[in-house]
Amino acid sequence: MDEAQASEIEDHLLYVAFALEEAIAAVSHLPTADQKMLTAPLHRLLNSLHSDVFRLVYEQHPLSEDWPGDLLTIVCDLRWKEVTLPESISEQDLDAVILSKLKPHALKVAKVITDVGKVFEERGHSIDYDVISARIRWLDDVDRIKSFGDVRKWRHSEIALKA
1 MDEAQASEIE DHLLYVAFAL EEAIAAVSHL PTADQKMLTA PLHRLLNSLH
51 SDVFRLVYEQ HPLSEDWPGD LLTIVCDLRW KEVTLPESIS EQDLDAVILS
101 KLKPHALKVA KVITDVGKVF EERGHSIDYD VISARIRWLD DVDRIKSFGD
151 VRKWRHSEIA LKA
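Below, the structure is given as structure tokens:
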């Protein structure tokens, strides 16, 4: 394949990867039984796309400086029910700070987590980024915020205030 063909294939593969990411995000809102049934096959498809197909194209034609293999990186898989907050921080405090950092337009999850962490640091409190991430995921699960992509992947997903 020549570079033009590789570029066209890359465009289609990126579209498929995005569609799979969106499907995975949509499945995360289903009842637990349905999540268990659908999540693993979707992740297998996405993993195969990245580890097999993208790799083959990129080995012949490194088209992009941004190797899409890192899209699979889940930064935090912690669930809110697994979290114990520091005594100095309540759920209401955490929610208020998270929501105060959101805008009507989408922001990267990584930026929001960092900004929320800084607020608590300025208040003299220590809170792990994974805890903030788990709360953002919970807020998304209960439909209090809008999300775009899998919020566990901080650099590759975005969140916004609900309209």
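Per my numbering, the sequence shown runs over residues 1 to 163. Glycine is no exception: its CB is placed at the ideal position from the N, C-alpha and C atoms. Because the structure is a prediction, the values reported are computed rather than measured.
For residue i, which of the options has the nearest alpha-carbon?
i	options	result
Tyr58	Val16, Leu46, Pro104, Asp2	Asp2
Val109	Arg135, His50, His61, Trp80	Arg135
Pro104	Ile145, Leu30, Glu121	Ile145
Asp128	Ala106, Ile159, Cys76	Cys76
Ser126	Ser88, Arg44, Phe18, Glu8	Ser88
Phe54	Tyr15, Glu121, Glu122	Tyr15
Ala17	Ser7, Leu42, Pro31, Gln35	Leu42
Terminal residues of the continuous beta strand (DSSP E) containing residue i?
i	result
Leu177	Absent from the structure is residue 177, since the part of the chain shown begins at 1 and ends at 163.
Ser28	Ser28 -> no beta strand (DSSP E), and no H or E assigned at all.
From the DSSP output, in three-state form, read off residue i for me.
i	result
Lys118	helix
Leu14	helix
Asp52	helix
Enumerate in chain order the residues of its own chain whose CB-to-CB distance from residue i is below 6 Å, with the five nearest sequence positions on each side excluded.
i	result
Val131	Val83
Leu38	Val27
Ile9	Val57
Give the range of the alpha helix (DSSP H) segment to which residue i is assigned.
i	result
Glu82	Element bounds for Glu82: n/a, residue is neither H nor E.
Arg44	32-48
Arg55	55-60
With a threshold of 8 Å on Cβ separation, who are the neighbours of residue i within its own chain once the five nearest residues in sequence on each side are excluded?
i	result
Lys101	Leu107, Val112, Asp115, Val116, Val119
Pro6	The question names Pro, but residue 6 is Ala in the sequence shown. The answer, listed in chain order, is Val57, Gln60, His61, Leu63.
Leu20	Leu42, Leu45, Leu46, Leu49
Check: Fully enclosed by the stretch 86-152, which beta strand (DSSP E) runs are 3 residues long or longer?
Finding: Counting whole runs of 3 or more residues, the stretch 86-152 contains the beta strand (DSSP E) stretches 145-148.
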